[in-house]
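Student: Got a structure for you, written out below as structure tokens; questions coming shortly.
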Ligand code: FES
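In the numbering used here, the protein residues as written are 6 to 98.
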């Protein structure tokens with residue numbers, strides 16, 4: 006079991022845990038922390054769940070289909086392999 010810390014940079018930084026035995030994706034960990042995040046397809050197609058990855062590394066389940074910039078990740082389709090820092094427009098905390 007691997008545990009990592011996800012830091013979300015917003016007006017104030019929020020830290021949430023990622024437990025490999027409990028969470029499938031970064032999106033899953035964010036949702037379970039009661040933070041509302043935008044998503045649609047949950048399969049790397051639409052790109053709605055993209056965030057900026059400031060620090061750390063992630064691994065994808067499969068190659069992303071949606072267009073993303075070099076510093077962006079699709080939270081529905083990857084999981085952290087280190088502690089990560091992301092920038093995301095939070096709907097509601
Ligand atoms: S929800 Fe569509 S790409 Fe992540």
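The beta carbon of each residue, even a glycine, is placed where N, CA and C say it ideally should be.
What number of angstroms, rounded off, separates the C-alpha of residue 90 from the C-alpha of residue 67?
Tutor: Computed Cα separation, rounded: 21 Å.
Student: To the nearest angstrom, how far is it from the Cα of residue 72 to the Cα of residue 52?
Tutor: Straight-line Cα distance between these residues: approximately 7 Å.
Student: When burial is assigned at 16 or more other CB atoms within 10 Å of the CB, is residue 13 buried or exposed?
Tutor: Per the 10 Å Cβ criterion, buried.
Student: For the stretch 15-71, which segments carrying the alpha helix (DSSP H) assignment without a break, of at least 4 residues, lie completely within its bounds, in sequence order?
Tutor: Runs of the alpha helix (DSSP H) inside the stretch 15-71: 31-37.
Student: If you draw a straight line from the C-alpha of residue 76 to the C-alpha of residue 29, how long is it?
Tutor: Computed Cα separation, rounded: 21 Å.
Student: Can you say whether residue 65 is buried or exposed, counting buried as having 16 or more other CB atoms within 10 angstroms of its CB?
Tutor: By the 10 Å Cβ count, residue 65 comes out exposed.
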